[in-house]
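This note's numbering puts the sequence shown at residues 26 to 407. Every residue gets a Cβ at the ideal spot worked out from N, C-alpha and C, and that includes glycine. Model, not experiment: these values are computed from the prediction. What follows is a single structure, written as structure tokens, with notes after it.
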Amino acid sequence: MNWVEKYSIIAGRIPDPGEPSSEEIYMYLITALFLATFAASSVAQQPASVTPSRPAPAPLQVANPHYVSLQLTQDVHAPADRVWARVGEYCDIGKWAFPDCRLLAGDGGYGSERNIMNEVQVGKTGHSYTYTQPVRTNAKYNLYHGTLEVVPVTAKTSQLVYSFFYDNSMLADDAARDAEIATRRKRFTAFLLNMKTLAEGGKVPSSAKEAMPPSLTPDQLQTPNPHYAVIPMTITVNAPVDAVWARVGKYCDIGEWGIPDCKILSGDGGLGTVRSIGHEVLVGKTRYSYTYTQPVREGVTYNMYHGTLEAVPLTDKTTRLNYTLVFDNSMLADDAARSRDIDNRRARFTKMLENMKVLSEGGSLPPEALRGGASAARPASR
Numbered sequence: 026m027n028w029v030e031k032y033s034i035i036a037g038r039i040p041d042p043g044e045p046s047s048e049e050i051y052m053y054l055i056t057a058l059f060l061a062t063f064a065a066s067s068v069a070q071q072p073a074s075v076t077p078s079r080p081a082p083a084p085l086q087v088a089n090p091h092y093v094s095l096q097l098t099q100d101v102h103a104p105a106d107r108v109w110a111r112v113g114e115y116c117d118i119g120k121w122a123f124p125d126c127r128l129l130a131g132d133g134g135y136g137s138e139r140n141i142m143n144e145v146q147v148g149k150t151g152h153s154y155t156y157t158q159p160v161r162t163n164a165k166y167n168l169y170h171g172t173l174e175v176v177p178v179t180a181k182t183s184q185l186v187y188s189f190f191y192d193n194s195m196l197a198d199d200a201a202r203d204a205e206i207a208t209r210r211k212r213f214t215a216f217l218l219n220m221k222t223l224a225e226g227g228k229v230p231s232s233a234k235e236a237m238p239p240s241l242t243p244d245q246l247q248t249p250n251p252h253y254a255v256i257p258m259t260i261t262v263n264a265p266v267d268a269v270w271a272r273v274g275k276y277c278d279i280g281e282w283g284i285p286d287c288k289i290l291s292g293d294g295g296l297g298t299v300r301s302i303g304h305e306v307l308v309g310k311t312r313y314s315y316t317y318t319q320p321v322r323e324g325v326t327y328n329m330y331h332g333t334l335e336a337v338p339l340t341d342k343t344t345r346l347n348y349t350l351v352f353d354n355s356m357l358a359d360d361a362a363r364s365r366d367i368d369n370r371r372a373r374f375t376k377m378l379e380n381m382k383v384l385s386e387g388g389s390l391p392p393e394a395l396r397g398g399a400s401a402a403r404p405a406s407r
């Protein structure tokens, strides 16, 4: 008698002749046990569900940059508005530095390109503009940026400010770097004197200008046919400009109103300061504005992305915040893809402006406000 028959007898009955044999029952139980064990083992060995992480960014084209900034000034006996009207248009450089300047693209505002080294305007305020040069195929990108600004001093006087920022790590040694800075200082000090002459009603002789630099050819440019997109966004804040800028205008204040956990990687908040968000570098700065960009990365086509945050006084109690993005979107597949990208950027940065308004007016933000959540911000108590 086998163990199945013994079990049946113990249970109080003897198997009927038509029932499965003990051997069949035995094999069935063994098979069922094996399958159950195999299934449990298979489930245990399945990998846990993992949320895919974003790929690491490509390495920087210049791993160890040596950023340098230079600021030149020139007093002018004319009010700021008159000075800017005389020398502040994007191709007015043809009057005080390089003759025959003309626009290759744009209307003189954001995204405009002039025929002097294909320079692109990437930042702008009422009395300033910031420009850069495009990436070339045969050289490391030195992140060169220039900012021309006029600052009111009195009702009848003003000061021209010309600031430069770039990476001079490509030069051979400190002696070469010092020589380059000295040459730049001498050239642009002369240009500032030319601007002063024009702004005060004088004329600049041709001998005081330099020859036009050679134009860049398409094969010298990483992107021969760029398509610059500009996204202007504004919001009105019920607070004076100084209070607004003190609350949201420091370079890592973006950690409070836009992208959390911002850290300064190098610099003091002025030109050349690098923050942890996209390794973004501050490349232009005025009293109530800053312009930033991201550095070139190996193997990645540079889209010339720049952002400018600006505070403009409207009254003694109100301010307008401007956030303007400019970038080359020619790399995207078609017009539909470009439109989607612009819409997404506008939605994200408009939300950031709304967050800045809340903070500037004394309110507070829930954590979700920095992650695209829908929780309501808390305004200041009245």
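Just confirm the distance between the C-beta atoms of residue i and residue j, as a whole number of angstroms; I'd bet it's less than 8 Å.
i	j	result
residue 187	residue 97	5 Å
residue 103	residue 225	6 Å
residue 349	residue 261	Residue 349 to residue 261, Cβ: 16 Å. No contact.
residue 246	residue 161	6 Å
residue 95	residue 210	7 Å
residue 355	residue 242	Contact flag wrong, Cβ pair sits at about 18 Å.
residue 156	residue 171	6 Å
residue 281	residue 123	About 43 Å; that fails the 8 Å criterion.
residue 276	residue 307	6 Å
residue 116	residue 107	About 19 Å; that fails the 8 Å criterion.
residue 314	residue 150	5 Å
residue 192	residue 87	6 Å
Who are the near neighbours of residue i in its chain, counting only those whose CB is closer than 6 Å to its CB and skipping five residues on each side?
i	result
residue 395	285
residue 100	184
residue 233	219
residue 330	319 and 352
residue 69	Its pLDDT being 38, under 50, residue 69 is placed unreliably by the model, and nothing is read from it.
residue 337	345
residue 270	313 and 336
Could you spell out where the beta strand (DSSP E) holding residue i opens and where it closes?
i	result
residue 193	Here residue 193 belongs to no beta strand (DSSP E), and DSSP marks it neither H nor E.
residue 289	289 to 291
residue 335	331 to 338
residue 303	Residue 303 -> no beta strand (DSSP E), and no H or E assigned at all.
residue 100	92 to 101
residue 314	314 to 318
Out of the options, point me to the one whose CA is closest to residue i's CA.
i	options	result
residue 320	148, 142, 130 and 169	169
residue 253	131, 376, 278 and 335	131
residue 175	305, 109 and 380	109
residue 134	194, 127, 146 and 315	146
residue 256	196, 208, 215 and 347	347
residue 274	335, 375, 216 and 326	335
residue 376	259, 388 and 107	259
residue 177	223, 323 and 152	152
residue 328	166, 380 and 95	166
residue 332	351, 283, 239 and 158	351
residue 83	359, 341 and 323	323
residue 309	303, 369, 93 and 181	93
residue 339	263, 297 and 367	263
residue 305	312, 316 and 388	316
residue 266	197, 190, 312 and 283	312
residue 216	380, 164 and 173	173
residue 278	91, 380, 208 and 85	380
residue 341	283, 367, 268 and 164	268
Among the residues of its own chain, which have a CB less than 7 Å from the CB of residue i, if the five just before and after it don't count?
i	result
residue 199	none
residue 301	287, 288 and 290
residue 125	119 and 237
residue 67	Because residue 67 sits at a pLDDT of 42, beneath the cut-off of 50, its placement in the model cannot be relied upon, and the point is left open.
residue 240	140
residue 158	142, 143, 144 and 169
residue 213	97 and 187
residue 378	258, 260, 346 and 348
residue 72	Bear in mind that the predicted position of residue 72 carries a pLDDT of just 44, short of 50, making it unreliable; the figure below should be weighed with that in mind. Result list for residue 72: empty, nothing under 7 Å.
residue 325	83
Using DSSP's beta-bridge definition, name the partner residues of residue i.
i	result
residue 257	349
residue 128	139
residue 298	Looking at the DSSP assignment, residue 298 forms no beta bridge with any residue, so it has no partner.
residue 146	156
residue 174	153 and 186
residue 344	262 and 338
residue 162	Partner(s): none; residue 162 has no beta bridge.
residue 246	161
residue 309	316
Does the ligand FMN have even one heavy atom less than 8 Å from the beta-carbon of residue i?
i	result
residue 164	Of the ligands one can find in the structure shown there are none, so the ligand FMN has no counterpart to examine.
Along the chain, where does the alpha helix (DSSP H) containing residue i start, and where does it finish?
i	result
residue 379	360 to 385
residue 106	105 to 112
residue 236	Unbroken run through residue 236: none, as it is neither H nor E.
residue 271	266 to 273
residue 120	118 to 121
residue 280	279 to 282
Which same chain residues, not among the five before or five after residue i, have their C-beta less than 8 Å away from its C-beta?
i	result
residue 223	111, 112, 120, 121 and 229
residue 89	194
residue 80	none
residue 205	193 and 196
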